[in-house]
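Q:
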Amino acid sequence: MADNGDGQLRTEGSDGLGATGVEEEAVAAGEGWVAGGEMLLSVGLLALALLAAYGLYVRWGRRSGPGAAAQQNQAAALPRMKRRDFTLEQLREFDGARKPYILLAVNGKVFDVTNGSKFYGPEGPYGIFAGRDASRGLATFCLDKDALRDEYDDLSDLNAVQMESVREWEMQFKEKYDYVGRLLKPGEEPSEYTDEEDTKDHTKQD
Ligand code: HEM
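The numbering of the sequence shown is full-length UniProt numbering, which starts it at 1 and goes up by one.
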């Protein structure tokens with residue numbers, strides 16, 4: 001019985017632990033189960049993370065081929081957009097499928113994100129924002145279709161943290177992309193921009 005691989009039997013004989021030893025081993029075995037469970041959970045989480053990363057890699061990998069490069073070059077060859085304001089309906093035309101330019105709005109400002117077509121093109125991970133007011137999706141960190149409103153969105157139900165996030169995203173877009181004009185509220189008239197305003201630094205907003 002001394003060497004049969006069964007911990008409980010072993011304790012009866014040569015290890016001299018007695019009943020306490022049995023209990024300790026039982027506790028240790030229990031902990032082993034818990035540890036095993038935790039490990040399984042960690043492995044499961046790791047597998048999920050790897051799967052998610054792989055999904056992203058596949059999506060982005062597809063876009064970083066020669067097609068994506070050609071799209072990028074095409075974007076670089078486009079003249080800078082003339083400054084103008086947009087209604088929600090006008091903005092929607094610039095979704096990357098109907099017109100060569102891709103635009104989106106954040107916090108009432110419209111940006112030309114054509115240079116970021118790998119993100120906002122029809123195949124891009126953030127293609128849902130193309131031609132749309134992206135504010136709500138960015139604020140809630142959500143890429144679902146219903147994360148954006150079809151009607152004009154005044155964002156009035158967003159909380160302070162979400163509104164701060166919208167402003168931070170706006171700054172980020174301002175840094176990286178050309179500002180084109182304002183997203184008009186329903187009934188609001190577009191501004192008339194002079195040639196001088198049109199040629200001045202596009203990142204400067206009104
Ligand atoms: C697992 C989740 C996500 C991962 C791993 C991820 C990863 C990334 C990475 C690596 C970049 C930088 C790409 C580059 O500059 O080359 C990026 C940019 C960006 N992400 Fe995400 N992202 C995730 C979720 C989201 C979500 C949920 C949103 C919005 C709701 C979002 C919006 C953006 C935007 C707007 C950019 C900037 C693209 C640009 O430069 O124009 N991301 N993301």
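C-beta atoms are modelled at their ideal positions from N, C-alpha and C, and glycine is treated no differently.
Scan the UniProt domain "Cytochrome b5 heme-binding" (86 to 184) and note each continuous beta strand (DSSP E) run of 3 residues or more that stays entirely inside, going in chain order.
A: With a minimum length of 3 residues, the continuous beta strand (DSSP E) runs that stay inside the UniProt domain "Cytochrome b5 heme-binding" (86 to 184) are 103 to 106, 109 to 112 and 178 to 182.
Q: Across the region 78 to 93 and the region 156 to 169, are there enough close Cβ pairs to call them in contact, namely three or more that are closer than 8 Å?
A: Short answer: they don't touch.
Q: Got a sec? Which residues, its chain only, sit under 7 Å from Phe129 by beta carbon, not counting five neighbours each side?
A: As a working note, residue 129 is residue 129 in the sequence shown. So the list reads Leu104, Tyr120 and Gly137, once near-sequence residues are dropped.
Q: Is it the case that the Cβ atoms of Arg83 and Gly181 are separated by a distance below 8 Å?
A: Taking the first residue of the sequence shown as 1, we reach residue 83 at position 83. Taking the first residue of the sequence shown as 1, we reach residue 181 at position 181. In this structure, Gly181 lies closer than 8 Å to Arg83 by Cβ.
Q: Taking 7 Å as the cut-off, is the beta-carbon of Val166 closer than that to any non-hydrogen atom of the ligand HEM?
A: Reading the sequence shown from its first residue, position 166 is the one you call residue 166. No, Cβ of Val166 sits at least 7 Å from all heavy atoms of the ligand HEM.
Q: Specify the secondary structure class of Ser42 as computed by DSSP and reduced to three states.
A: For the purposes of this step, residue 42 is taken as the residue at position 42 of the sequence shown. In this structure, Ser42 counts as helix in the three-state DSSP scheme.
Q: Could you tell me the alpha carbon to alpha carbon distance between Gly61 and Gly187, rounded to whole angstroms?
A: The sequence position of residue 61 within the sequence shown is 61, counting from 1. The sequence position of residue 187 within the sequence shown is 187, counting from 1. Only weak support is given to the placement of Gly61: the predicted model assigns it a pLDDT of 46, under 50, and the question is left unresolved by the model.
Q: So, helix, strand or coil for Glu188, using DSSP?
A: If you number the sequence shown from 1, residue 188 lands on position 188. DSSP places Glu188 in coil when its eight states are reduced to three.
Q: Are Val166 and Ser135 touching if we call contact CB-CB under 8 Å?
A: Taking the sequence shown and counting its residues from 1, the one referred to as residue 166 is at position 166. Taking the sequence shown and counting its residues from 1, the one referred to as residue 135 is at position 135. Yes, Cβ-Cβ distance for Val166 and Ser135 is below 8 Å.
Q: Output the distance between the C-alpha atoms of Glu164 and Tyr152, rounded to the nearest integer angstrom.
A: Taking the first residue of the sequence shown as position 1, residue 164 is located at position 164. Taking the first residue of the sequence shown as position 1, residue 152 is located at position 152. Each residue's alpha carbon lies about 20 Å from the other.
Q: At a cut-off of 7 Å, is Val180 close to the ligand HEM when judged by its beta-carbon and the heavy atoms of the ligand?
A: In the sequence shown, residue 180 corresponds to position 180, counting from 1. No, the beta carbon of Val180 sits no closer than 7 Å to any heavy atom of the ligand HEM.
Q: Roughly how many angstroms lie between the CA atoms of Arg63 and Lys176, to the nearest whole one?
A: The residue you call residue 63 lines up with position 63 of the sequence shown. The residue you call residue 176 lines up with position 176 of the sequence shown. Only weak support exists for where Arg63 lies, its pLDDT of 48 falling under 50; the coordinates are left without a value.
Q: Take the Cβ of Ala76 as the centre, count every other Cβ of all protein chains shown within 10 Å, and call the residue buried at 16 or more, exposed below.
A: Translated into positions along the sequence shown, residue 76 becomes position 76. With fewer than 16 other Cβ atoms within 10 Å, it is exposed.
Q: So, at 7 Å on beta carbons, what are the nonlocal neighbours of His101 in its own chain, with the 5 sequence-adjacent residues on each side left out?
A: Start at 1 with the first residue of the sequence shown, and residue 101 comes out as number 101. In the sequence under discussion, the amino acid at residue 101 is Tyr, which differs from the His named in the question. Taken in chain order, the residues that qualify are Leu78, Met81, Phe94, Asp112 and Thr114.
Q: Taking C-alpha atoms, which residue in Leu45, Asn107 and Pro122 lies nearest to residue 224?
A: Residue 224 is absent from the structure shown; the chain starts at 1 and stops at 206.
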